[in-house]
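Working notes, beginning with the structure itself.
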Amino acid sequence: MLKIGLTGGIGSGKTTVAKVLEVLGIPVYYADDAAKQLMNTNEALKQQLIAEFGKDTYFENGELNRKHLAAIVFNNKEKLAVLNSLVHPATIADAKAWFTKQTAPYVIKEAALLFESGTAEGLDYVIGVTAPLTVRLKRVMDRDHVTAEEVKRRMANQIDEQLKMKLCDFVLHNNDQQLLLPQITALHEQLLQKAKEATL
Ligand code: ATP
Numbered sequence: 004m005l006k007i008g009l010t011g012g013i014g015s016g017k018t019t020v021a022k023v024l025e026v027l028g029i030p031v032y033y034a035d036d037a038a039k040q041l042m043n044t045n046e047a048l049k050q051q052l053i054a055e056f057g058k059d060t061y062f063e064n065g066e067l068n069r070k071h072l073a074a075i076v077f078n079n080k081e082k083l084a085v086l087n088s089l090v091h092p093a094t095i096a097d098a099k100a101w102f103t104k105q106t107a108p109y110v111i112k113e114a115a116l117l118f119e120s121g122t123a124e125g126l127d128y129v130i131g132v133t134a135p136l137t138v139r140l141k142r143v144m145d146r147d148h149v150t151a152e153e154v155k156r157r158m159a160n161q162i163d164e165q166l167k168m169k170l171c172d173f174v175l176h177n178n179d180q181q182l183l184l185p186q187i188t189a190l191h192e193q194l195l196q197k198a199k200e201a202t203l
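Residue 4 is where the sequence shown starts when you use our numbering, and the numbers rise one by one after that.
As structure tokens, this is what we get:
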């Protein structure tokens, strides 16, 4: 079974691509969602977060106090790096356990910060999804009902999109000129073939 990463900048269309692949029968691990969930459920991680960011990191009912954590890491790169250094290893371990349960020819791990977090390690290939900055801005503003400034602020934590695409083995172009669906189905066929070759 091939393990394939799926990444791209904010609003590039990663989730859109992942949903199509799911329809084609490919299991997808959504790393960002999993990380959020692990912060609420993984006891060892919770204790590490409390030790680092204080007991106010969790409400009395044990649920993560996102506002508290966000206030600490907002505009503080060092604190954000510490947070990531705790959450990413937990997510990597969780994804590994998830991989072992899958039986499809290939599986996808979708993550916005695949390269930034070091979670691309151990993957056979990485798919990048790219779209022009103006298109990404507009799509995220429409999707999340936020300002361009807010989207740009989120983008500032990610490595440059062009650099990111250079690190990918396959690139899907999700702009307003090229149709996305045929690119996904062609890549799916290619990956099925690679998965078959890998078992020979
Ligand atoms: P994020 O990193 O913020 O989670 P993402 O890379 O997962 O973003 P999506 O959520 O898949 O991006 O796409 C961003 C928005 O753009 C969504 O509302 C999606 O429906 C829309 N979108 C994606 N691709 C297209 C397209 N080809 N045409 C029109 N809208 C699109």
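Built from N, CA and C at the ideal position, the CB exists for glycine as well.
Indicate whether residue i and residue j have their beta-carbon atoms separated by less than 7 Å.
{"i": "valine 76", "j": "leucine 67", "result": "no"}
{"i": "asparagine 178", "j": "proline 135", "result": "yes"}
{"i": "tyrosine 109", "j": "leucine 194", "result": "yes"}
{"i": "glutamate 164", "j": "glycine 12", "result": "yes"}
{"i": "phenylalanine 173", "j": "leucine 184", "result": "no"}
{"i": "threonine 122", "j": "isoleucine 95", "result": "yes"}
Could you check how far apart the C-beta atoms of residue i and residue j are, in whole angstroms? I think they sit under 8 Å.
{"i": "alanine 93", "j": "leucine 48", "result": "5 Å"}
{"i": "lysine 7", "j": "isoleucine 130", "result": "The sequence given here places isoleucine at residue 7; lysine does not occur at that position. With 8 Å as the limit, isoleucine 7 and isoleucine 130 qualify as a contact, their Cβ atoms being about 6 Å apart."}
{"i": "lysine 167", "j": "phenylalanine 102", "result": "The Cβ separation is near 23 Å, so there is no contact."}
{"i": "isoleucine 187", "j": "leucine 175", "result": "7 Å"}
{"i": "alanine 21", "j": "valine 31", "result": "5 Å"}
{"i": "valine 143", "j": "glycine 14", "result": "4 Å"}
{"i": "aspartate 97", "j": "leucine 5", "result": "The pair is not a contact, with the Cβ atoms about 19 Å apart (cut-off 8 Å)."}
Can you tell me whether residue i sits near the ligand ATP, meaning its C-beta is under 6 Å from at least one heavy atom of the ligand?
{"i": "isoleucine 111", "result": "no"}
{"i": "alanine 37", "result": "no"}
{"i": "arginine 146", "result": "yes"}
{"i": "leucine 117", "result": "no"}
{"i": "leucine 183", "result": "yes"}
{"i": "serine 2", "result": "Outside the displayed range of the chain (4 to 203) lies residue 2, so it cannot be described from this structure."}
So is residue i buried or exposed if we call it buried at 16+ other beta carbons inside 10 Å?
{"i": "valine 132", "result": "buried"}
{"i": "isoleucine 53", "result": "exposed"}
{"i": "arginine 69", "result": "exposed"}
{"i": "isoleucine 111", "result": "buried"}
{"i": "arginine 139", "result": "buried"}
{"i": "valine 90", "result": "buried"}
{"i": "threonine 106", "result": "exposed"}
{"i": "threonine 18", "result": "buried"}
{"i": "valine 149", "result": "exposed"}
{"i": "alanine 201", "result": "exposed"}
{"i": "threonine 10", "result": "buried"}
Could you spell out the range, first to last residue, of the beta strand (DSSP E) harbouring residue i?
{"i": "valine 129", "result": "128–133"}
{"i": "threonine 106", "result": "Segment: none, threonine 106 is in no beta strand (DSSP E) and carries neither H nor E."}
{"i": "lysine 58", "result": "Here lysine 58 belongs to no beta strand (DSSP E), and DSSP marks it neither H nor E."}
{"i": "valine 143", "result": "Segment 136–147 is the alpha helix (DSSP H) holding valine 143; no beta strand (DSSP E) there."}
{"i": "threonine 10", "result": "5–11"}
{"i": "leucine 175", "result": "173–176"}
For the alpha helix (DSSP H) holding residue i, just list the boundary residues, first then last.
{"i": "alanine 201", "result": "183–202"}
{"i": "glutamine 180", "result": "It is not in any alpha helix (DSSP H) - glutamine 180 carries neither H nor E in the DSSP assignment."}
{"i": "isoleucine 75", "result": "69–76"}
{"i": "aspartate 35", "result": "34–44"}
{"i": "threonine 122", "result": "Unbroken run through threonine 122: none, as it is neither H nor E."}
{"i": "glutamate 63", "result": "Premise fails: glutamate 63 is in no alpha helix (DSSP H) and is neither H nor E."}
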